[in-house]
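To start, the structure under review is shown below, and the notes come after it.
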Amino acid sequence: MRARGCAEAPTYPHTDPVFGSDWVRISLAMQKQHAVLEFWQDLFSKLGSTFWVKIPVAWVVMTTEPENMKAILASSFADFPLLGPRKDSIASILGEEAIFAANGQAWHDARAMMRPAFVRNQLADLACFEKHVGNLIARIPKNGSTVDLQELLYMMTMDSATDFMFGHSTNMLTTPSAEASEYIQRVKHEEKDSERAYVFLYEMMGQGTSPEYVRAQLLSMILAGRDTTASTLSSLFWILARRPEVVARLRGEIEELGGRQPTWEEMKDMKYLNMVLKEVMRLYPTVASMSRGAARDTTLPVGGGPDGKSPVFVPKGSLNAGKTGVQAGNIYLSLEAREYALANSSR
Numbered sequence: 010m011r012a013r014g015c016a017e018a019p020t021y022p023h024t025d026p027v028f029g030s031d032w033v034r035i036s037l038a039m040q041k042q043h044a045v046l047e048f049w050q051d052l053f054s055k056l057g058s059t060f061w062v063k064i065p066v067a068w069v070v071m072t073t074e075p076e077n078m079k080a081i082l083a084s085s086f087a088d089f090p091l092l093g094p095r096k097d098s099i100a101s102i103l104g105e106e107a108i109f110a111a112n113g114q115a116w117h118d119a120r121a122m123m124r125p126a127f128v129r130n131q132l133a134d135l136a137c138f139e140k141h142v143g144n145l146i147a148r149i150p151k152n153g154s155t156v157d158l159q160e161l162l163y164m165m166t167m168d169s170a171t172d173f174m175f176g177h178s179t180n181m182l183t184t185p186s187a188e189a190s191e192y193i194q195r196v197k198h199e200e201k202d203s204e205r206a207y208v209f210l211y212e213m214m215g216q217g218t219s220p221e222y223v224r225a226q227l228l229s230m231i232l233a234g235r236d237t238t239a240s241t242l243s244s245l246f247w248i249l250a251r252r253p254e255v256v257a258r259l260r261g262e263i264e265e266l267g268g269r270q271p272t273w274e275e276m277k278d279m280k281y282l283n284m285v286l287k288e289v290m291r292l293y294p295t296v297a298s299m300s301r302g303a304a305r306d307t308t309l310p311v312g313g314g315p316d317g318k319s320p321v322f323v324p325k326g327s328l329n330a331g332k333t334g335v336q337a338g339n340i341y342l343s344l345e346a347r348e349y350a351l352a353n354s355s356r
């Protein structure tokens, strides 16, 4: 450790440092109270931005340091593959070859296959999304009665995700079907819609991959396209219901379009709308924690020593967890951003 210029990071004050059962108990208790993020924030404020904790299967280094997360997810990506419980749980649902469960070359291959779906020409197919937003609006009562908007948002994002990827929508908002197999067979056997310039499923099927591989990637895309988007939109409208001044400013920017559908370029130029969306994602990230494992003895750039600025030695087999969900309270945020977070912290 010293040869690498590393220094020790703090350790959580365990009552059971052998198995970490105390950490498991308190973590489960915080989940039941819906107070996990507050629990993490309190620990980081007391122990520092990087510290070690014991769980039954391994030691875990917890961190909120941007430089450490950059190392885990980018600069030292090969050192930190998916390992342990996270990989096992994802693979059991999506399959070993799914992009969210893959490592190394398998991950790069899956990413290369999926990347064309996210180029501008495909994402700019706004008519697809306009249709499903219209279906959502039609489901909102006109008499002002209470509606579970989150439920409708999850339906809308499922409809739009399947329409974008498969060329056919599940139509959860309009004519939901209880028979998933009926939908799958329709997608499988019908001809390509000539009006759609790009359908992700047809692109994947044309690359000669196995049905099992295609299924694994499509399941990953559905999870990413439905849940994360619906969660972010739920947080957005939860905040807007409590911030009328933000709604007024957003409405003013949107009304500049004169009621017509915006182009891709115009949406990019809506500065206030984009800033609101980014602030919502920063304050309420859909993925509050990202866990990986050390494939070899390696280091994290910062977090060790009395000042927390020295590298931290991470032995092979240990796990790490980047906690993006608690960065809203970090000192480097602007005063305006901190006020925004505090005004909505009662959620």
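The numbering of the sequence shown is my numbering, which starts it at 10 and goes up by one. Idealized CB from N, CA, C, for every residue including glycine.
Following the DSSP letters along the chain, one finds Met284 inside the alpha helix (DSSP H) bounded by residues 280 to 292.
Pairing Asn180 with Leu232, the inter-Cα distance amounts to about 17 Å.
Residue burial is scored here from C-beta neighbours: Trp49 has at least 16 other C-beta atoms within 10 angstroms and is therefore classed as buried.
In the structure shown, Met71 adopts extended strand secondary structure according to DSSP, grouped into three states. The bridge partners DSSP lists for Thr20 are Trp61. When rounded, the separation of the alpha-carbon atoms in Glu47 and Met78 is 20 Å.
Closest option to Gly176, judged by alpha-carbon separation, among Pro150, Phe138, Asp25: Phe138. Ser36 has its alpha-carbon roughly 21 Å from the corresponding atom of Ile99.
Taking 8 Å as the upper bound for CB-CB distance, Leu242 and Leu162 are in contact here, some 5 Å apart. Between Met123 and the set Val311, His43, Ile108, Leu145, the nearest pair of CA atoms involves Ile108. Taking C-alpha positions only, Met164 is separated from Gly314 by approximately 49 Å.
For Thr295, the three-state secondary structure derived from DSSP is coil. By a beta-carbon distance limit of 8 Å, Lys332 contacts Met71. Their separation comes to about 6 Å.
Contact annotation, Thr295 with Thr237: C-beta distance approximately 4 Å; criterion of less than 8 Å satisfied. With contact defined as three or more Cβ pairs closer than 8 Å, the stretch 295 to 308 and the stretch 76 to 96 are in contact. When the five nearest sequence neighbours on each side are left out, the beta carbons in the same chain lying within less than 7 Å of the beta carbon of Phe60 are those of Ala18, Pro19, Thr20, Tyr21, Met71, in order along the chain. For Gly331, no alpha helix (DSSP H) encloses it; the enclosing beta strand (DSSP E) starts and ends at 328 to 331. Residue environment for Thr155: exposed (fewer than 16 other C-beta atoms within 10 angstroms of its C-beta).
Short of 7 Å from the beta carbon of Leu249, and not among the five residues preceding or following it, lie these beta carbons of its own chain, in chain order: Val255, Val256. Residues Asp88, Lys325 of the same chain have their beta carbon placed closer than 7 Å to that of Arg305, with the five preceding and five following residues left out of the count. The three-state secondary structure of Phe173, taken from DSSP, is helix. In this chain, the beta strand (DSSP E) harbouring Ser319 covers 319 to 323.
In this structure Gly312 is buried. Its beta-carbon is surrounded by 16 or more other beta-carbon atoms within 10 angstroms. Take Tyr222, set aside five residues on each side of it, and the residues of its chain with a beta-carbon closer than 7 Å to its own are Glu106, in chain order.
Less than 9 Å separates the beta-carbon of Ser327 from that of Ala67. In the structure shown, the three-state DSSP call for Thr238 is helix. Spatial neighbours of Leu182 in its own chain (CB-CB distance under 8 Å, excluding positions within 5 residues in sequence) are listed in chain order as His141, Asn144, Leu145, Ala147, Arg148, Leu161, Met164, Met165, Asp168. When the alpha-carbon of Gly29 is set against those of Gln42, Pro65, His43, the nearest one is in Pro65. By the Cβ neighbour-count rule, Asn283 is exposed, with fewer than 16 other Cβ atoms within 10 Å of its own. Around the beta carbon of Arg34, fewer than 16 other beta carbons lie within 10 angstroms, which makes this residue exposed. Sorting Asp157, Ser240, Trp116 by C-alpha distance to the C-alpha of Met290 places Ser240 at the top. Annotated three-state conformation of Thr308 is strand, per DSSP. Restricting attention to Ser178, Ala330, Val335, the CA atom closest to the CA of Val62 is found in Ala330.
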